[in-house]
Amino acid sequence: MKYSQIKKLSPEDFRRLTGVKPATFQDMLKVLCDAEQKIRKRGGTKHHIRLEDRLLITLEYWREYRTYFHIANSYRISEATAFRYIRWIENTLIKSGEFSLPGRKELLKNDMEFEVIMIDATETPIERPKKNNANSTREKRNAIR
Numbered sequence: 239m240k241y242s243q244i245k246k247l248s249p250e251d252f253r254r255l256t257g258v259k260p261a262t263f264q265d266m267l268k269v270l271c272d273a274e275q276k277i278r279k280r281g282g283t284k285h286h287i288r289l290e291d292r293l294l295i296t297l298e299y300w301r302e303y304r305t306y307f308h309i310a311n312s313y314r315i316s317e318a319t320a321f322r323y324i325r326w327i328e329n330t331l332i333k334s335g336e337f338s339l340p341g342r343k344e345l346l347k348n349d350m351e352f353e354v355i356m357i358d359a360t361e362t363p364i365e366r367p368k369k370n371n372a373n374s375t376r377e378k379r380n381a382i383r
């Protein structure tokens, strides 16, 4: 899907599809547009895919855990290009500081109480019948007859 098709969706459906609200998408787009303008001042070739679609590629990667191969085939680009787009967008959004989560110290200063649920996820051995030579030999003999 391209951004031109998705922007017609309702805000709820947009968020269900991309994982972010339309306003957040526009904020991300603004940060990326500014960063790309700085790069374009130095020159270089134009991208074959619009910035909105490149951001959508990244959101699909984050939301659906799609592989670079699947993304590349959907947008008709190479896997390396998909990787470069996603890495550049991730790094640019992180550097902007607008889309980062609060740190540990910030959470500790907060007066909110958190409820922590612990889950025991230890490995347990699977109970299987013991293999012995007598059982397997008998099975083989029965199959031959």
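Converting from the sequence shown to our numbering requires adding 238 to each position, the first position being numbered 1. Cβ atoms here follow ideal geometry from the backbone N, Cα and C, with glycine treated the same way.
Residue burial classification, A320 (beta-carbon count within 10 angstroms, cutoff 16): Here residue 320 refers to the residue found at position 82 of the sequence shown. If you draw a 10 Å sphere on the C-beta of A320, you find 16 or more other C-beta atoms in it, and that means buried.
What is the C-beta distance between L293 and L255, in whole angstroms, given that I count them as a contact (C-beta under 8 Å)? What you label residue 293 is simply residue 55 of the sequence shown in a count that begins at 1. What you label residue 255 is simply residue 17 of the sequence shown in a count that begins at 1. Contact annotation, L293 with L255: C-beta distance approximately 13 Å; criterion of less than 8 Å not satisfied.
Segment contact flag, the segment 281 to 295 with the segment 308 to 317, C-beta cutoff 8 Å, min 3 pairs: With a cut-off of 8 Å, the segment 308 to 317 and the segment 281 to 295 count as touching, because enough Cβ pairs lie within range.
Helix, strand or coil for E351? Go by DSSP, reduced to three states. The residue labelled residue 351 in the question sits at position 113 within the sequence shown. Looking at E351 - three-state DSSP - the assignment turns out to be coil, as it is neither helix nor strand.
Taking M266 as part of the alpha helix (DSSP H), name the residues at either end of that continuous run. The residue given as residue 266 occupies position 28 in the sequence shown. Segment P260 to K279, the alpha helix (DSSP H) holding M266.
Inter-residue spacing [alpha-carbon to alpha-carbon] between E274 and V354: As a first step, residue 274 is located in the sequence shown; it is residue number 36 there, counting from the start. As a first step, residue 354 is located in the sequence shown; it is residue number 116 there, counting from the start. E274 and V354: Cα-Cα distance of roughly 41 Å.
Please state the DSSP three-state secondary structure of E361. Counted from its first residue, the sequence shown places residue 361 at position 123. If DSSP states are grouped into helix, strand and coil, E361 belongs with coil.
Based on Cα-Cα distance, which residue from I327, I357, T283 and P249 lies nearest to E290? For this step, residue 290 is matched to residue 52 along the sequence shown. Ranking the options by Cα distance to E290, first place goes to I327.
Whose C-beta lies closer than 7 Å to the C-beta of V269 among residues of the same chain, with five residues either side of it excluded? Reading the sequence shown from its first residue, position 31 is the one you call residue 269. By the criterion of a C-beta distance shorter than 7 Å, V269 is surrounded in its chain by T330, L331, S334 and E336, once the five residues flanking it on both sides are discounted.
Residue span of the alpha helix (DSSP H) that contains L255, given as start and end: To locate residue 255, count along the sequence shown from 1; it is residue 17. Where L255 is concerned, the enclosing alpha helix (DSSP H) starts and stops at P249 to T256.
Contact check, I315 vs I277, beta carbons under 8 Å: Indexing the sequence shown from 1 puts residue 315 at position 77. Indexing the sequence shown from 1 puts residue 277 at position 39. I315 is not a Cβ neighbour of I277, given a cutoff of 8 Å.
Whose C-beta lies closer than 8 Å to the C-beta of W300 among residues of the same chain, with five residues either side of it excluded? The count along the sequence shown starts at 1 and reaches residue 300 at position 62. Cβ neighbours of W300 beyond the five flanking positions: G257.
My output table needs one value for K368: the three-state DSSP class, helix, strand or coil. The residue labelled residue 368 in the question sits at position 130 within the sequence shown. K368: coil per DSSP, three-state reduction.
How many Å lie between M356 and K279 at the Cα? For the purposes of this step, residue 356 is identified with residue 118 of the sequence shown, where counting begins at 1. For the purposes of this step, residue 279 is identified with residue 41 of the sequence shown, where counting begins at 1. C-alpha separation (whole angstroms): 52 Å.
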